[in-house]
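S.K.:
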Amino acid sequence: MVLPTNGAVLTDRNRARTFDFGAYLRTETVGGMVLLAAAAIALLLANSPASDFYTAVRDFQVGPHQLHLDLSIGEWAKDGLLAIFFFVAGLELKRELVIGELSNIRSALLPVIAAVGGMVVPAALAFGLSVGAPGHETAWAIPVATDIAFALGVLALTGSWMPTAARVFLLSLAVVDDLGGIIVIAVVFTSGLDLVWLLAAVALCALYWFLQHKRIRSPWIYIPLAVATWIAVHSCGIHATIAGVALGLLTRVRTDPDEEASPAMRLEHRLQPWSAGLVVPVFAFFAAGVPIDGEALSSVFSDRVAIGVMVGLVVGKFVGIFATSFIAVKLRIGNKPTSVSWLDMGALAMLGGVGFTVSLLITELALEGAAAERAKAAVLLASAAASLLAAAALLRRGRAVNGNGNGNGNGNGGPAGETPGNVTHG
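Just so you know, we're using the numbering used here here: the sequence shown kicks off at 838 and counts up by one.
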């Protein structure tokens, strides 16, 4: 068993190993492939004679009415399962901020600044292109987030020669702008706040922190507490996924002397495969099933909201991430990843346009009916375009790097024209 730690060596069955961050990224790659397969199956079902069956399953309601949890299966995937994904994202961000790449302020600032630029520019483009169209008041938020699993999957498949620092930059950027997407959800899509339930959610989060502080480790306490927190957040009117990221950020990440790994490390290790391999694909399966026929495609390219979403993801993400990164480095506010050229940064910025999980979630919150279906199709098309463009750029750069003798295709060399660093890869 390999756990992420701050340099500690863990022993399982008398075998000592250190955590290899590349192994974690490979898990995300597998998750990206499963996510892609789930989305493809959903598209096939939604555009086949089985579409009525698919819709009936997605809209089938289940759950206790007394707690206002009689939700459809699609809503359970969106509000319930996805909270686990955001819990893992919160754990990732907490780890990076406390003991990881983001614990150094200069290194931390660049992906944060890039993430902010990658949110503001796409939102501005989407709003500007759709202003006046029905739904533009909230649809601008759709292209703000980058899908972690998909983006890392494309990078691993087509950019294995790049140094680990590039992967950490992309992961940090994606986690930060997913957190930004969560904040947008909390601010824009919260209405009718119930103060009693809100106070209950705050009290439960405080209890979770207190138990962490007192080193209480029993899962029989934390699992009911997490479920209760999720119910309180859902009932107070805030989107329930906020419960996941809140608890993730409150989890202790530093290892005590008597521990092999901290609670955050253990939870991340145990839950991440479930999140990447089950939770996100199930959500994608119920969210990505939109009709894509000739008429639907033509409506996407004639709908100003959908056009705004596509331009925001493909153009806005690239411009926002790359331009803010370039300015921050030139002003010496942040440090560019080691052995990564500006051409490589351009490919990473293009990968930022792969907006899937959070973009589809915001689409379901921002729009309804046919408008939501068109926006979902726009997200799928734009994410596919960004993936293909980034993959082409990475493959071309890889050939140039290997051709110039600066790398061997295994990630041991830097980009052309730069001095390779001491980089380890999983």
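The beta carbon of each residue, even a glycine, is placed where N, CA and C say it ideally should be.
Return the CA-CA distance between LEU906 and VAL1039, expressed in angstroms with no decimal places.
M.R.: So the two alpha carbons sit approximately 20 Å from each other.
S.K.: Hey, out of LEU1150, ALA1228, GLN1109, PHE964, whose CA is closest to LEU1180's CA?
M.R.: Selected option, being the one with the closest Cα: ALA1228.
S.K.: Among all the DSSP beta bridges, which residues are the ones paired with VAL899?
M.R.: Answer is LEU908.
S.K.: Tell me the rounded alpha-carbon separation between ALA893 and ILE910.
M.R.: Straight-line Cα distance between these residues: approximately 10 Å.
S.K.: How would you call ILE942, buried or exposed, if buried means at least 16 neighbouring beta carbons within 10 angstroms?
M.R.: Exposed, since its Cβ has fewer than 16 Cβ neighbours within 10 Å.
S.K.: Given a cut-off of 8 Å, decide if LEU918 and PHE1120 are closer than it, judged by their beta-carbon atoms.
M.R.: Cβ atoms of PHE1120 and LEU918: closer than 8 Å.
S.K.: By Cβ distance below 8 Å, which residues in the same chain neighbour PRO971 in space, the five residues on each side in sequence not counted?
M.R.: If we look at PRO971 and ignore the five residues flanking it on each side, its Cβ neighbours are VAL1142, ALA1208.
S.K.: Between which two residues does the alpha helix (DSSP H) holding PHE987 run?
M.R.: PHE987 -> alpha helix (DSSP H) spans 985-995.
S.K.: Tell me whether HIS1076 sits in a helix, a strand or coil according to DSSP, three-state version.
M.R.: Coil at HIS1076, not helix or strand.
S.K.: Considering LEU1204, what are the terminal residues of the alpha helix (DSSP H) in which it resides?
M.R.: LEU1204 -> no alpha helix (DSSP H), and no H or E assigned at all.
S.K.: When the Cα of PHE924 is compared with those of SER997, THR1066, ILE936, which residue comes out closest?
M.R.: Closest by alpha carbon: THR1066.
S.K.: What number of angstroms, rounded off, separates the C-alpha of PHE1122 from the C-alpha of ALA1083?
M.R.: Approximately 26 Å, taken between the alpha carbons.
S.K.: Would the segment 1232-1239 count as touching the segment 1200-1215 if we require 3 or more Cβ pairs under 8 Å?
M.R.: At 8 Å Cβ cutoff, the stretches do not touch.
S.K.: Is LYS1051 helix, strand or coil by DSSP?
M.R.: The answer is coil: DSSP assigns LYS1051 none of H, G, I, E or B.
S.K.: Which value, in whole angstroms, describes the spacing of the CA atoms of GLY900 and ALA1002?
M.R.: Approximately 45 Å between the Cα atoms of the pair.
S.K.: For ASP1033, count the other beta carbons within 10 Å of its own beta carbon; 16 or more makes it buried, fewer makes it exposed. Which is it?
M.R.: For the record, residue 1033 in the displayed sequence is Val; it is not Asp. Classification for VAL1033: exposed.
S.K.: Which one of LEU1134, PHE987, ILE1079 has the shortest CA to CA distance from ALA1223?
M.R.: ALA1223 has its Cα closest to that of PHE987, out of LEU1134, PHE987, ILE1079.
S.K.: Quick one: is VAL1117 buried, meaning 16 or more other Cβ sit within 10 Å of its Cβ, or exposed?
M.R.: It counts as buried.
S.K.: Helix, strand or coil for SER1135, going by three-state DSSP, please let me know.
M.R.: Helix.
S.K.: Quick one: using the 10 Å Cβ neighbour count with 16 as the cut-off for buried, is LEU1030 buried or exposed?
M.R.: With fewer than 16 other Cβ atoms within 10 Å, it is exposed.
S.K.: If contacts are defined as beta-carbon pairs under 8 Å, then ALA1171 and LEU946 qualify, I think. What distance do you get, rounded to the angstrom?
M.R.: Residue identity check: residue 1171 is Gly in the sequence provided, not Ala. With 8 Å as the limit, GLY1171 and LEU946 qualify as a contact, their Cβ atoms being about 4 Å apart.
S.K.: Buried or exposed for LYS1154, going by 16 or more other Cβ atoms inside 10 Å?
M.R.: Counting Cβ neighbours within 10 Å, LYS1154 comes out buried, since at least 16 surround it.
S.K.: Go ahead and label VAL981 buried or exposed: buried means 16 or more other beta carbons lie within 10 angstroms of its beta carbon, across all protein chains shown.
M.R.: Answer is buried; the Cβ neighbour count reaches 16.
S.K.: Give a yes or no on whether the C-beta atoms belonging to ALA978 and ALA1080 are separated by under 8 Å.
M.R.: No, the pair does not count as a contact, with Cβ atoms beyond the cut-off.
S.K.: Assuming THR1088 and LEU1104 are in contact, meaning their beta carbons sit under 8 Å apart, how far apart are those beta carbons, in whole angstroms?
M.R.: THR1088 to LEU1104, Cβ: 7 Å. Contact.
S.K.: In chain order, what residues of the same chain lie with their CB nearer than 6 Å to the CB of LEU1086, ignoring the 5 residues before and after it?
M.R.: So the qualifying residues of the chain are GLY927, LYS931.
S.K.: Measuring straight from C-alpha to C-alpha, what distance separates PRO1110 and LEU1225?
M.R.: If you take the alpha carbons of PRO1110 and LEU1225, they lie about 26 Å apart.
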